[in-house]
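J.: The number in the working numbering is simply the position in the sequence shown, starting from 1, with 239 added.
C-beta: ideal position from N, C-alpha, C; glycine also.
All values reported here derive from a predicted model rather than from experimental measurement.
Before we start, here is the structure in question, set down as structure tokens.
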Amino acid sequence: MTDPNPAVEGGPVVQLPTRYGDFAAQAWLDSAGRAEHLSLTAPGGAAVPLVRLHSECLTGDVFGSYRCDCGEQLDYALRQIQRQGGTLLYLRGHEGRGIGLMNKMRAYSLQEAGADTVEANEQLGLPVDARDYAAAAGILKSLGLDRIRLLSSNPLKQEQLSRYGITVVEVVSAGVPSRRENLRYLQTKRDRMNHALAADLHVTTPLEGPTS
Ligand SMILES: [Zn+2]
């Protein structure tokens, strides 16, 4: 599980024009063939490229759910990578911090009964964060990205990448606004999962539709 050189297999590089701009896209299979990941790369002038490891979140990324901040973080990351140059890894098999869609929805149900994000997973007998970044590190190495600036507020990602031999020279804030719907989620991330978020978290975004 802590293989220092996790094997990943990259497919062909193709152009992917998007509403954010053009990316070079590549699919990746991890060594066990369990998950297919995607890398999106935009060229830029920075000496050390910006990298975002984005964990798959169907409800946030595709449907724009405000129960979490994933959709807005993905939007922000793609804009920054277009602006500065860098790579986004879209990591499959990371749904619900690695517990899967069904269990994430079960945890949401417990949260509606009063539990916070951490308590809900504990009540289900599931780890609070089951994600592994071995495949991510393998993809970064295959792309020649062993020195990066990491767009994240999650200290676990930096730790895991270091363990797999990726040097994080700077952590760049993912800076996403808090909303009434995700305030408790963000407070739990900050207070119980050591995320680098503001001490005075409060609702900064008026209740209106998504910005894009
Ligand atoms: Zn999410």
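Please report how far the alpha carbon of Gly377 lies from the alpha carbon of Ser401, in whole angstroms.
T.: The alpha-carbon atoms of Gly377 and Ser401 are separated by roughly 12 Å.
J.: Count the other CB atoms, across all protein chains shown, that sit within 10 Å of the CB of Phe262; report buried if there are 16 or more and exposed otherwise.
T.: Buried, by the Cβ-count rule.
J.: For a test of your reading of the model: does the CB of Gly339 fall under 7 Å from any non-hydrogen atom of ligand 1? Yes or no.
T.: No.
J.: For a test of your reading of the model: does the CB of Thr427 fall under 7 Å from any non-hydrogen atom of ligand 1? Yes or no.
T.: No, the beta carbon of Thr427 sits no closer than 7 Å to any heavy atom of ligand 1.
J.: Should Leu330 and Ser294 be called a contact, given that it needs their Cβ atoms to be closer than 8 Å?
T.: Against a cut-off of 8 Å, the Cβ pair of Ser294 and Leu330 comes out as a contact.
J.: Near ligand 1, which residues have their beta-carbon less than 5 Å from any of its heavy atoms, given in chain order?
T.: Those satisfying the condition are, in chain order, Cys296, Gly299, Cys307 and Cys309.
J.: Measure from the alpha carbon of Gly284 to the alpha carbon of each residue in Gln319, Gly332 and Val301, then state which is nearest.
T.: Ranking the options by Cα distance to Gly284, first place goes to Gln319.
J.: Please report how far the alpha carbon of Arg273 lies from the alpha carbon of Ala374, in whole angstroms.
T.: Taking the straight line from one Cα to the other gives about 11 Å.
J.: Can you tell me where the alpha helix (DSSP H) holding Asp430 begins and where it ends?
T.: Note, Asp430: alpha helix (DSSP H), Leu422 to Arg431.
J.: Which residue wins for smallest C-alpha separation from Leu328, given the options Gly299, Thr298 and Arg291?
T.: For Leu328, the nearest C-alpha among the options comes from Arg291.
J.: Is the Cβ-Cβ distance between His333 and Ser392 less than 8 Å?
T.: Contact: no.
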